[in-house]
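Take a look at the structure set out below.
Residue numbers (my numbering): 1 to 193.
This is the structure in structure tokens:
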């Protein structure tokens, strides 16, 4: 029971860390929001047994960009989290598409100040598909009708997923890193609606 609770805490913290790493995905009204820089996949470990692999897309204003993370739960199961930056609630679901496969829906996304996100459970087949695919697209539509679309390259995903993670950080160090990143995101100009 304690291990399950720790996994959910790790997923929550991983999702939060990934969201902080991005600052938000783009409102199409501001061209700076679509000028995205994709960061490489990294493996972050909160404890020795609790790691996640994540990537971020950052825009030139806030909120813009998005994040995607995969948190292994076992060799045949992982939690996939997707976040998109928007000030507006979403219309429907967040959609994931691996290469040209059928879209996978993340039902019931939750929204917060600078974005919306959700999770889904992935089986071993989906994890293997990610390891051999070229891209994974994240798409959502907000209530103003604007489509948010990100295409994360899966280059080096397999090596990162199967490779070693960062050493676990002390709670003080992790909080300090998150606060420093939050401050850098605050310095971004606000996207225009």
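A virtual CB, placed ideally from N, CA and C, is assigned to each residue, including glycine.
Query, Result
"Whether residue 84 touches residue 138 by CB criterion (8 Å)", "yes"
"Close beta carbons around residue 154, own chain, < 7 Å, minus the five adjacent residues each side", "130, 133, 134, 135 and 136"
"Delimiting residues of the beta strand (DSSP E) encompassing residue 110", "110 to 112"
"Residue range of the beta strand (DSSP E) that includes residue 66", "65 to 74"
"Chain-order list of residues whose beta-carbon lies under 7 Å from that of residue 91 (same chain, five-residue window excluded)", "141, 142 and 143"
"When 102, 67 and 39 are compared against residue 148, the one with the closest alpha-carbon", "67"
"Local Cβ density within 10 Å of residue 160, reported as buried at 16 or more and exposed below that", "buried"
"Cβ neighbour criterion (16 or more within 10 Å) applied to residue 117", "buried"
"Length of the line joining the Cα atoms of residue 99 and residue 63", "26 Å"
"Contact test: residue 59 Cβ vs the ligand NAD heavy atom, cutoff 7 Å", "Absent from the structure shown: the ligand NAD. Ligands present: none."
"Euclidean distance between Cα positions of residue 190 and residue 163", "37 Å"
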